[in-house]
Every structure is written in structure tokens, then in C-alpha cells.
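Trainee:
In the UniProt record's numbering, the protein residues as written are 1 to 474.
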């Protein structure tokens, strides 16, 4: 087949973030391949997968899924279940399942891919290690953090031995492990890895390379989680300036940097600065991706949070109602992003004094999280904690206490007694004890929270300062 330069142009548009333009060219390439070569030809299947990747980037997940199911079926029939291209098709479909919130389906495919690559290629092959990392990502999404960590430690060790400590894939493995450390509350471990990744990428790739900028952004997130907000802000400002110069103001990575900086502004109480950035991010996402794209909806949600913190609750509520409706239509009522939108709207209802509306949403979110993710998943426990807060606001203190005791026990078992989320659960239960007049129980919990936050974060972290205030009030 004569080379079709539309596919090359589509690839350029794709990596530049112009996914709508890439999609149009890819549709033309697919039609030509189908006409000239037939629906089962390898080039046709590759064109289908390229189009599916772009659909996924555009948030058109059902379109991506339909194409990837078709590609997988045809590669399976044409090449067999063990062929490398079939396994790649399985992995691509698993990625889309995960983004649709169909995480159990993603996990099943990834376990199968890993087993077959291990048997076909061996445990040290790069494709096997990629399969291990993909499975680890899904474990993390399911809240199976110890399983994710075990796989990522193994991937890192093997990549280090196979490729050396400075290879880009080794550095990616370090970053992935850092994410799981952070999820487990092991923030110092995460920070140490990210500092190492940043130093090595800077030396290997230079300070302006996208990989170096990603490492800076990741380190900034951990600084933020540790309460080191000035350090985080300095890094985010640097990342934004360099991405703007390197990629342009409309590139998705530039917009991510803008949103990350806005988040820091919000945490620092610089709400007008946060709002200005978020309005800009939303306008650019809307123009680039359309009003229904997941990134546009995320930008709307972020702006709504800032509106709420500024006391502009009606503006926040209007945005959150819109986000919820669009996520419901795009992703379905059980998708994690839809449940997040329901939770955010519930918070705004509560802040407006509409507690019955908040409670109804939170009961619905909790039921769906429990059915979708199980009673021990971190998102389910967050939903329980949120419902408990609303029970407390409604004066239903025994209901709040029962939920908070359950959340605390499960977080302690899942994450350990020193994890930030466990400490939050302890602090919430202490508040309810205080409301019930059980001051000795409240005081005991607050002393424990303060000691552990002081050890984990240091004396100046916002969460430590909150613990001091809570204890003083009791």
C-alpha cells in the first residue's frame, strides 16, 4: 500500500493535543484501508486502533470500546489468542474498560495479558513488565494498594537490572511506585523517589524536556500533600512557564499545569488567583475538546469548588448540576466520576442548608460505591464518611457515630493507623463524640491525632494545626 500521509499528519495532531483534527484524518485513513485492503487486514486493524485511541482521548469511550472489541475479535481470529498483536489489543481494551469504570473487566483482561506475555516472552521482557505495571495501576484504582505496591517494586527491580537506573522506563517505574507510596500515606518515600526521578531526568533529558516537567509536576503534588505549599507553588509556576513556551497555551499538558497551580492557589487561600486560572482552563478545554469531554467537565468541577470556597454557592451549584447531568449521560450513573459529581453537589447542598437533598445524594453514592467497589474500597469509605457528616449536621448523631466508627476501623485495617485518611476518620469521630457530650472519648482521639499528624507532617502542616485547634476546643 502506498504510504498515506494523512496517517502521519494524524499522528502529529494526536501528539500535539489536537485530537479532533487527528480523528477526522484517522476516519479517512480507516475508510481507505477498509476499501482497499478489507476489514481484516493488519493495516485496517491498526487504523481502527489508532482511531480508538483518539476517541479515548476525546472522552468518546463507548466509541473507543466498540472499536477495540472489534479489533480484538478480529486479531484473535486472524492471529490466535497468544499473538503479540492480540495481547496488545487486549491491553488497549483494558485501558478503556478502566476509564469507563469497568475496572473488574479491565483487571480480568490484564491478568490474562500478563500470564500470556510471561509464558511467551519471559518475566524480564519489557512487554511483560508493562503488563505488570498496567495490572498494578488497576489494583491501585480498585484500592488494592498492597498488591499494586508489590507489583511495582518488582517492576522497578527488574527494569533497574535490565535497563539501568537512568533509563526512562526505570524512571517511569520509580514514579509509578511513588504514586502508590503516596496513596498508602508513605509520603516521605514518595518524595524521595520523585526527587531522584527529577534529578535523573534533568541530567538525562534537560530541564525543558516534557519528561522532566512531568517529574517536577509530580514532585509538586507530593509537596502539596505534605503541606509544603510554597515549594509546590514554586515548582508549578516553573512547570507552567516551561510548558507554555514549549507546547503552547492550548496544549493539554499546559492546561494541566494551569489547573495544578490553581489548586495550590486555592490551598493557600489565594482564591481569586485560583478562580482566574480555572475560568481560563475551562474556556480552553471547552474550545479545544467540547463541552462534554471529561477534561472539560473536570475543569467545570474545579471551578465549582473555588466558587464554593469564595461563598458563591449558587454559581457552584449550577456548575455541579451541569457536570452531574453530563457525566451521567456520558459515563452512566455508576461510573466513579459520576459518583464524584454527586458527592460534590451534595457538599454544596449541605453548605446551602439543603441537608435533606445532600443526604439523599450521599445515600445514593454510598449504595452505588458499595455495589460497584465493595464495602472496603477507599471511595466507599469516603462516601460513608461524607454521609456521616451530613447525619451530624442534621443532628442524627448516633447514625453519624455508627458510620464513623465503621470507617475508622476499616481505614485502620486497610491503610494502617498512621495514614492521613485514618487520622481524618479519627478526627471526624472525635467531633461527633464532642457533639454527643462524650468529651473524654473525643479528647483521647484528638490527642492521638495530633501526635500522629505531628510525626507524619511536622508541626506547621495545616492538618497538624487543625488538630491543635480541635484539641484546644475540647
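The C-beta atom is built at its ideal place from N, Cα and C for all residues, glycine as well.
Can you tell which of 163, 378 and 187 has the C-alpha that lies nearest to the C-alpha of residue 412?
Mentor: Among 163, 378 and 187, the Cα nearest to that of residue 412 is on 378.
Trainee: Here's a check: name, in chain order, each residue in its chain whose Cβ is nearer than 7 Å to the Cβ of residue 473, leaving out the five neighbours to either side.
Mentor: The answer is none, since no qualifying residue turns up.
Trainee: Return the first residue and the last residue of the alpha helix (DSSP H) that residue 39 is part of.
Mentor: Unbroken run through residue 39: none, as it is neither H nor E.
Trainee: Please work out which residues of its chain come closer than 7 Å, Cβ to Cβ, to residue 485, disregarding the five sequence neighbours upstream and downstream, and give them in chain order.
Mentor: Residue numbering for the chain in the displayed model covers 1 to 474; residue 485 lies beyond these limits and cannot be assessed.
Trainee: Within its chain, find whatever has a CB closer than 6 Å to the CB of residue 304; leave out the 5 residues flanking it on each side and keep chain order.
Mentor: Around residue 304: 316, 319 and 320.
Trainee: Could you tell me the distance, in whole angstroms, from the CA atom of residue 325 to the CA atom of residue 82?
Mentor: So the two alpha carbons sit approximately 42 Å from each other.
Trainee: Does residue 508 pass the burial test, meaning 16 or more other C-beta atoms within 10 Å, or should it be called exposed?
Mentor: Residue numbering for the chain in the displayed model covers 1 to 474; residue 508 lies beyond these limits and cannot be assessed.
Trainee: What separation, rounded to the nearest whole angstrom, lies between the Cα atoms of residue 523 and residue 223?
Mentor: Because the chain in this structure spans residues 1 to 474, residue 523 falls outside the shown range and cannot be described.
Trainee: Is residue 268 closer than 8 Å to residue 226 when the C-beta atoms are compared?
Mentor: No, Cβ-Cβ distance for residue 226 and residue 268 is not below 8 Å.
Trainee: Do you know whose CA, among 416, 430, 93 and 353, lies nearest residue 385's CA?
Mentor: Nearest option by C-alpha distance: 430.
Trainee: Put residue 377 into one of helix, strand or coil per three-state DSSP.
Mentor: Of the three classes helix, strand and coil, the one that applies to residue 377 here is coil, per DSSP.
Trainee: Label residue 194 either buried or exposed according to how many other C-beta atoms from any shown protein chain fall within 10 Å of its C-beta, with 16 as the threshold for buried.
Mentor: The residue in question, residue 194, is buried, as its Cβ has 16 or more Cβ neighbours within 10 Å.
Trainee: Given a threshold of 16 other Cβ atoms within 10 Å of its Cβ, counted over all protein chains shown, does residue 294 qualify as buried or as exposed?
Mentor: Classification of residue 294: buried, given that the 10 Å Cβ count is 16 or more.
Trainee: Can you give the Cα-Cα distance for residue 390 and residue 399, rounded to whole angstroms?
Mentor: Cα-Cα distance, rounded: 10 Å.
Trainee: With three or more beta-carbon pairs closer than 8 Å as the criterion, would you say the stretch 356-363 touches the stretch 117-135?
Mentor: Touching, no, given that fewer than three Cβ pairs across the two stretches are closer than 8 Å.
Trainee: Which residues bound the alpha helix (DSSP H) around residue 306?
Mentor: Counting along the chain, the alpha helix (DSSP H) containing residue 306 begins and ends at 294-309.
Trainee: Under the three-state reduction of DSSP, which class applies to residue 494: helix, strand or coil?
Mentor: One cannot answer for residue 494 here, as it falls past the ends of the chain, which runs 1 to 474.
Trainee: Contact between the stretch 53-64 and the stretch 72-86: three or more CB pairs below 8 Å?
Mentor: Verdict: no, contact absent.
Trainee: Does the contact criterion of 3 or more C-beta pairs under 8 Å hold for the stretch 211-218 versus the stretch 454-461?
Mentor: Result no; under three Cβ-Cβ pairs closer than 8 Å.
Trainee: Could you tell me the boundaries of the alpha helix (DSSP H) in which residue 185 lies?
Mentor: Where residue 185 is concerned, there is no enclosing alpha helix (DSSP H), given that its DSSP letter is neither H nor E.
Trainee: Quick check on the DSSP output: what are the complete alpha helix (DSSP H) runs of length 4 or more inside the stretch 440-472, in order along the chain?
Mentor: You should have found no qualifying run.
Trainee: Could you tell me which of 271, 284, 381 and 263 sits nearest to residue 250, measuring between CA atoms?
Mentor: When each option's Cα is compared against that of residue 250, the closest is 284.
Trainee: Report the three-state DSSP secondary structure of residue 211 (helix, strand or coil).
Mentor: Residue state, collapsed to three classes: helix.
Trainee: For residue 127 versus residue 139, is the C-beta distance shorter than 8 Å?
Mentor: Taking 8 Å as the Cβ cut-off, residue 127 and residue 139 do not qualify as a contacting pair.
Trainee: Going by other Cβ atoms of all chains shown within 10 Å of its Cβ, with 16 needed for buried, is residue 433 buried or exposed?
Mentor: Flag for residue 433 reads buried.
Trainee: Would residue 207 be called buried (16 or more neighbouring beta carbons within 10 Å of its own) or exposed?
Mentor: Counting Cβ neighbours within 10 Å, residue 207 comes out exposed, since fewer than 16 surround it.
Trainee: What did DSSP end up calling residue 224 once you bin it into helix, strand or coil?
Mentor: Helix.
Trainee: Using a threshold of 8 Å, state whether the C-beta atoms of residue 210 and residue 238 are closer than that.
Mentor: It is not a contact, given that the beta carbons lie outside the stated cut-off.
Trainee: Apart from the five residues just before and just after residue 90, which ones in its own chain have a Cβ nearer than 7 Å to its Cβ?
Mentor: For residue 90, where only same-chain residues beyond five positions count, the Cβ hits under 7 Å are 72, 109, 112 and 113.
Trainee: Residue 420: buried (16+ other C-beta within 10 angstroms of its C-beta) or exposed?
Mentor: Flag for residue 420 reads buried.
Trainee: Under DSSP, the alpha helix (DSSP H) around residue 247 begins and ends at which residues?
Mentor: Taken as a continuous stretch (DSSP letters only), the alpha helix (DSSP H) holding residue 247 covers 229-247.
Trainee: Assign residue 414 to buried or exposed, taking buried as 16 or more other Cβ atoms, counted over all protein chains shown, within 10 Å of its Cβ.
Mentor: Buried is the call here.
Trainee: Who are the Cβ neighbours of residue 151 in its own chain at under 8 Å, not counting the five residues just before and after it?
Mentor: So the qualifying residues of the chain are 132, 133, 135, 136 and 139.
Trainee: Rounded to the nearest angstrom, what separates residue 98 and residue 178 at their Cα positions?
Mentor: Their Cα atoms are separated by approximately 21 Å.
Trainee: Could you please give the first and the last residue of the uninterrupted alpha helix (DSSP H) stretch that includes residue 87?
Mentor: Unbroken alpha helix (DSSP H) run through residue 87: 84-99.
Trainee: Whole angstroms are fine: how far does the CA of residue 221 sit from the CA of residue 427?
Mentor: The straight-line gap from Cα to Cα measures roughly 24 Å.
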